[in-house]
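Everything below concerns the one structure shown next.
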């Protein structure tokens, strides 16, 4: 299931609570030899062993000898890939509250203080990462599909497409390969009876679809993707993320994702959807 005949190194890092443990477990299921919270000083010796399997190592702020600069240097020295897992502050706070876990950097302070300290500490790694996965609002199933698309061989010529709605107000999703902007469509937010609904509700769908430019836009997107998708697959790309954004990520972008998904599925493509900012 690996990309190459040699054993590559994948370093999995990110924010506590963003899904590192789950990712490492799934990489193990994919055939990787995995190590969690591994001391940085021992990585070179591990890679020098004659194991034929690809290696995935979980390294975070708790790891012995940790520093962002040391991790980046190690990746460069060993020609490894760096995967960074993140989630927004509200999502992380919710996960720690639900599990009643203590944040590793909080010590005697509130969870929010630990999250903020870790965000600052890990920023150089996020900027240097080969791949960033934002697990905010994402199911474990979708997270695993993304990882398989990025790091599993899969079936040659088969493309998995991930659709993501988002709000430009909260920043571009870094993992996006293609970004589409639907802020030109009429905004249901300004209709008092529609404001509290989302793009998953029929009333919002009817409103957005009623925009005179919506259908022509959707047709244009399909015409754009028609020649691109088989070319991506032919080049060996196994995973494609299409992000569709509106102002807040709750109405127009959500509905557009839901309209585009069945068209992709009808083409025989494995497709999943995530609505990153729908609950903001």
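In UniProt numbering, the protein residues as written are 1 to 280. C-beta atoms are modelled at their ideal positions from N, C-alpha and C, and glycine is treated no differently.
- Taking the C-beta atoms as reference points, residue 67 is found no nearer than 8 Å to residue 37.
- A direct Cα-to-Cα measurement between residue 110 and residue 272 gives close to 35 Å.
- Residue state for residue 59 is assigned as coil, using DSSP reduced to three classes.
- Residue environment for residue 127: exposed (fewer than 16 other C-beta atoms within 10 angstroms of its C-beta).
- For the set 149, 261, 173, the Cα lying nearest the Cα of residue 236 is the one of 149.
- In the displayed model, residue 182 falls within coil according to three-state DSSP, outside both helix and strand.
- When the Cα atoms are used, residue 117 and residue 220 turn out to be separated by approximately 44 Å.
- The residues 17, in chain order, have a CB closer than 7 Å to that of residue 95 in the same chain once the five nearest residues on each side in sequence are set aside.
- With 16 or more other Cβ atoms inside 10 Å of its own Cβ, residue 91 counts as buried.
- By the criterion of a C-beta distance shorter than 6 Å, residue 70 is surrounded in its chain by 40, once the five residues flanking it on both sides are discounted.
- Just so you know, the alpha carbons of residue 228 and residue 263 end up roughly 15 Å apart.
- Cβ contact annotation for residue 86 (same chain, cutoff 6 Å, sequence separation greater than five): 14, 15, 18, 134, in chain order.
- Across the set 89, 201, 103, the C-alpha of 89 shows the shortest separation from the C-alpha of residue 137.
- Residue range 81-86 is occupied by the beta strand (DSSP E) that includes residue 81.
- For secondary structure counted as the alpha helix (DSSP H) over 4 or more consecutive residues, the UniProt domain "RapZ C-terminal" (160-278) holds these complete runs in sequence order: 202-209, 214-234, 252-266.
- A Cβ-Cβ separation of about 19 Å leaves residue 10 out of contact with residue 65 under the 8 Å criterion.
- Around the C-beta of residue 188, 16 or more other C-beta atoms lie within 10 Å, and the residue is accordingly described as buried.
- Between residue 200 and residue 142, the gap from beta carbon to beta carbon reaches 8 Å or more.
- Following the DSSP letters along the chain, one finds residue 10 inside the beta strand (DSSP E) bounded by residues 9-14.
- Around the beta carbon of residue 277, 16 or more other beta carbons sit within 10 angstroms, so the residue counts as buried.
- Restricting attention to 162, 185, 104, 184, the CA atom closest to the CA of residue 175 is found in 162.
- Where residue 34 is concerned, the enclosing beta strand (DSSP E) starts and stops at 33-36.
- DSSP places residue 108 outside both helix and strand once states are collapsed to three, so it counts as coil.
- The bridge partners DSSP lists for residue 133 are 85.
- In chain order, 145, 148, 149, 154, 238, 239, 240, 269, 270, 271, 272 place their CB closer than 8 Å to the CB of residue 160, counting only its own chain and leaving out the 5 sequence neighbours on each side.
- Boundaries cannot be given for residue 103, as no alpha helix (DSSP H) includes it and DSSP labels it neither H nor E.
- The Cβ atoms of residue 55 and residue 33 lie closer than 8 Å to each other.
- The residue among 185, 42, 48 with its C-alpha nearest the C-alpha of residue 208 is 185.
- For the set 230, 275, 168, the Cα lying nearest the Cα of residue 258 is the one of 275.
- When DSSP states are grouped into helix, strand and coil, residue 18 belongs to the coil group.
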